[in-house]
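Numbering (UniProt numbering), first residue to last: 1 to 564. Step one of this worksheet: look at the structure below.
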Amino acid sequence: MLTELSIKNFAIIEELSLSFQEGLTVLTGETGAGKSIIIDAIQLLAGARGSVDFVRHESNKAEIEGLFFIDHKKHPIYQVGKAYGIEISDEQIVLQRTITASGKSICRVNSKLVTLAILREFGKTLIDIHSQHETQSLMDNEQHIDFLDLYLGDAMKEAKKDYQDIYYRLENLKKKYRSLNDNEQEMAQRLDLLQFQQQELTEAQLVPQEDTDLEEERNQLANYEKIHKSLSDAYFSLYGEQHGLDLISQAQISLQDSADLDPFIAEKLDSMSNHYYMLEEITYDIRNYLDQLQYNPERLNEIEQRMDELNRLKRKYGPTVEEMLDYLGRVEEEIEQITNRESHLNTLVTEIDELEKDALLEADQLHHLRKQAAEQLTHDIHMELKDLYLEKTTFSIDFEDSAQRKLKLNGYDKILFRISTNVGEPLKDLTKIASGGELSRIMLALKKIFSKHQGITSVIFDEVDTGVSGRVAQAIAEKIHEISLESQVLCITHLPQVAAMADTHKFIQKKEKSNRTFTSVIELNDKELIEELSRMITGTKLTDTAKEHAKEMLVLAGRFKKSN
1 MLTELSIKNF AIIEELSLSF QEGLTVLTGE TGAGKSIIID AIQLLAGARG
51 SVDFVRHESN KAEIEGLFFI DHKKHPIYQV GKAYGIEISD EQIVLQRTIT
101 ASGKSICRVN SKLVTLAILR EFGKTLIDIH SQHETQSLMD NEQHIDFLDL
151 YLGDAMKEAK KDYQDIYYRL ENLKKKYRSL NDNEQEMAQR LDLLQFQQQE
201 LTEAQLVPQE DTDLEEERNQ LANYEKIHKS LSDAYFSLYG EQHGLDLISQ
251 AQISLQDSAD LDPFIAEKLD SMSNHYYMLE EITYDIRNYL DQLQYNPERL
301 NEIEQRMDEL NRLKRKYGPT VEEMLDYLGR VEEEIEQITN RESHLNTLVT
351 EIDELEKDAL LEADQLHHLR KQAAEQLTHD IHMELKDLYL EKTTFSIDFE
401 DSAQRKLKLN GYDKILFRIS TNVGEPLKDL TKIASGGELS RIMLALKKIF
451 SKHQGITSVI FDEVDTGVSG RVAQAIAEKI HEISLESQVL CITHLPQVAA
501 MADTHKFIQK KEKSNRTFTS VIELNDKELI EELSRMITGT KLTDTAKEHA
551 KEMLVLAGRF KKSN
């Protein structure tokens, strides 16, 4: 859930820090106080496009920062973090957005700089904002199949994985077939190139680790004098005039005289003897290595020429000899495929046919699961719509293109959610529903069902209750509360019924200071809450009747919440 939100120099907000809790948080205040500006800030935090108009007048930049707590390890945010190399620890993530007065947008996730597109990937798994003017994922026809699959849960997830494993293999075979079935001229040109590369790499007579071995040998020859001097000095220090080994031998003799008299001396003598023989062996090794060490300028020239040749080939075929040999293997395999093209094409056709049969069987299983789920989902949505006094509304899930059985990433189904809000009217796409009040209720019904499947951390409603009143307003309030049982909900509202249902109520007000306008937010206590509800009921003057009505609304809201 969104736990902390910090906003600086954003529109009329100079500096604002907000803390949010679980459940339903309601934001109210006069028109123009800055309620929607706070939602705009959260939208930018989730990856919406910014504008210099958001930067407060006479400020260099607008800054927004949000801290989210993730309550379980299976949340999709962890997969997004893994995909973009951003570690999410302590079950929390911080999104940051800065917009400068010059128009630059700077995005960060857990202090790591990211692009706006990456920030959007994180944002859409954490925040879902719905308003009268905002196009939501539920309004996108292309995403309806994903919502139906989400409704199915783990059974669909497993069946989908089985299908997609086959689908990806099938697409790879089709790609190979298309590549191998190109026109004759392209194939001939490709074969000429491959044969040239094969000849060049074969004639080079590459040997694994050759480049590494040559590098070591070149370093030895190029630094012959330094290496020879180091070895010679070490040898003569141990076995030359300085008699290093002789001195150690003399020390051994000195200790032998008293070894039987003192255990400490005996122990050190034994240790010294072991080290003496070890040093003696090292001395012989150094002498033998010196004997075979030779400076060969001709060999150095050979190495330089060979390394130049290898570096030339590396620029064309790979950074190491091993990778060039791997490339040679792939070239020889492709030459064989093109040379025996007809035979490979026939084999691919057979493999594609067999795999298509398997894919169709798995796609049929997906179709069958979706058909069953569609019936139950349709029933559930009708029940939700009935609660919202849309009992005459008809909801339908249409399966388009299914008869053609044309395989795509999600099978061969194309799912469309359709609605008819009046008896006798034809079913239409969600995007073609005209009434704002009806659209708000339909969206609430869908969100009530899908909120627990989407895994969204925070759901935000920006005046979705516009255009409704009376019993419909009460039904919307109850539905928003039910959604808050599955996800944190932030809601801007002008309805006292919705405000009464809140677990936390924040009042937003606009003030003036030093000839500048700024926004402030306070969390209402019980007394202030009753006064705010009264104001929302009457619109202007606070009356005793309005206060009594407000108290009654809070009592009824409390009873409803307890019953849930």
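For glycine and all other residues, C-beta sits at the position ideal for the given N, C-alpha and C. Remember, it's a predicted structure, so these values are computed and weren't measured experimentally.
Spell out the partners DSSP gives residue i in its beta bridges.
{"i": "Val94", "result": "Leu67"}
{"i": "Ala62", "result": "Ile99"}
{"i": "residue 567", "result": "Nothing can be reported for residue 567: it is not among the residues displayed for the chain, which extend from 1 to 564."}
{"i": "Leu430", "result": "The partner list for Leu430 (beta bridge, DSSP) is empty, contrary to what the question assumes."}
{"i": "Val114", "result": "Cys107"}
{"i": "Ser19", "result": "Glu4"}
Grouping DSSP H, G and I as helix and E and B as strand, with all else coil, what is residue i?
{"i": "Arg559", "result": "helix"}
{"i": "Val472", "result": "helix"}
{"i": "Arg405", "result": "coil"}
{"i": "Ile13", "result": "strand"}
{"i": "Ala46", "result": "coil"}
{"i": "His505", "result": "strand"}
{"i": "Lys541", "result": "coil"}
{"i": "Leu24", "result": "strand"}
{"i": "Thr3", "result": "strand"}
{"i": "Gly34", "result": "coil"}
{"i": "Leu524", "result": "coil"}
{"i": "Arg56", "result": "coil"}
{"i": "Ile419", "result": "strand"}
{"i": "Ser105", "result": "strand"}
{"i": "His130", "result": "strand"}
{"i": "Ser411", "result": "One point to set straight first is that residue 411 is Gly, not Ser, in the sequence displayed. Here Gly411 sits in strand by DSSP."}
{"i": "Asp308", "result": "helix"}
{"i": "Ile460", "result": "strand"}
{"i": "Asp260", "result": "coil"}
{"i": "Ser534", "result": "helix"}
{"i": "Ser440", "result": "helix"}
{"i": "Lys268", "result": "helix"}
{"i": "Ala546", "result": "helix"}
{"i": "Ile492", "result": "strand"}
{"i": "Asp140", "result": "coil"}
{"i": "Gln294", "result": "coil"}
{"i": "Ile86", "result": "coil"}
{"i": "Leu485", "result": "coil"}
{"i": "Thr135", "result": "In this predicted model, Thr135 has a pLDDT of only 43, less than 50, meaning its place in the structure is not dependable; the value taken from the coordinates is given anyway. Thr135 falls in the coil class under three-state DSSP."}
{"i": "Ser51", "result": "coil"}
{"i": "Glu425", "result": "coil"}
{"i": "Leu554", "result": "helix"}
Do residue j and residue i count as a contact pair if the criterion is CB distance below 8 Å?
{"i": "Ile129", "j": "Ile460", "result": "yes"}
{"i": "Thr517", "j": "Lys510", "result": "yes"}
{"i": "Ala475", "j": "Leu388", "result": "yes"}
{"i": "Leu24", "j": "Ile480", "result": "yes"}
{"i": "Lys547", "j": "Ser563", "result": "no"}
{"i": "Gly32", "j": "Gly123", "result": "no"}
{"i": "Lys61", "j": "Ala117", "result": "no"}
{"i": "Ala259", "j": "Leu269", "result": "yes"}
{"i": "Asp429", "j": "Asn141", "result": "yes"}
{"i": "Ile12", "j": "Asp462", "result": "no"}
{"i": "Thr421", "j": "Thr393", "result": "yes"}
{"i": "Leu490", "j": "Ser458", "result": "yes"}
{"i": "residue 611", "j": "Leu355", "result": "Nothing about residue 611 can be read from this structure; the chain reaches only from 1 to 564."}
{"i": "Ile335", "j": "Gln195", "result": "yes"}
{"i": "Ser89", "j": "Asn9", "result": "no"}
{"i": "Glu333", "j": "Ala204", "result": "no"}
{"i": "Ile70", "j": "Leu191", "result": "no"}
{"i": "Leu201", "j": "Leu328", "result": "yes"}
{"i": "Ala445", "j": "Leu385", "result": "yes"}
{"i": "Lys176", "j": "Leu348", "result": "yes"}
{"i": "Phe68", "j": "Ile93", "result": "yes"}
- [ ] Let me know the alpha helix (DSSP H) ranges lying completely inside the stretch 199-257, each 4 residues or longer, listed in chain order.
- [x] 210-222, 224-239, 244-256
- [ ] May I ask you to verify whether the stretch 223-238 touches the stretch 290-297, counting CB pairs closer than 8 Å and requiring at least 3?
- [x] yes
Open item on the list: Across the stretch 147-161 and the stretch 399-408, are there enough close Cβ pairs to call them in contact, namely three or more that are closer than 8 Å?
Closed with: no
TODO: Decide yes or no for the touch test of the stretch 34-47 against the stretch 73-93: beta carbon pairs closer than 8 Å, at least 3 of them.
DONE: no
Task: Ordered list of alpha helix (DSSP H) runs contained in the stretch 331-406, each at least 4 residues - done: 341-387
Open item on the list: Contact between the stretch 273-283 and the stretch 185-199 is defined here as three or more beta-carbon pairs at a separation below 8 Å; is this criterion met?
Closed with: no
TODO: Return the chain-ordered ranges of every alpha helix (DSSP H) run that is complete within the stretch 145-201 and spans a minimum of 4 residues.
DONE: 154-180
Open item on the list: If contact is defined by three or more beta carbon pairs under 8 Å, each pair taking one atom from either stretch, is the stretch 49-57 in contact with the stretch 92-101?
Closed with: yes
- [ ] Count the C-beta pairs between the stretch 147-154 and the stretch 297-306 that are closer than 8 Å, then say yes if the count reaches three, no if not.
- [x] no
Task: Segment contact, 8 Å Cβ cut-off, at least three pairs: the stretch 250-265 with the stretch 202-218 - done: no
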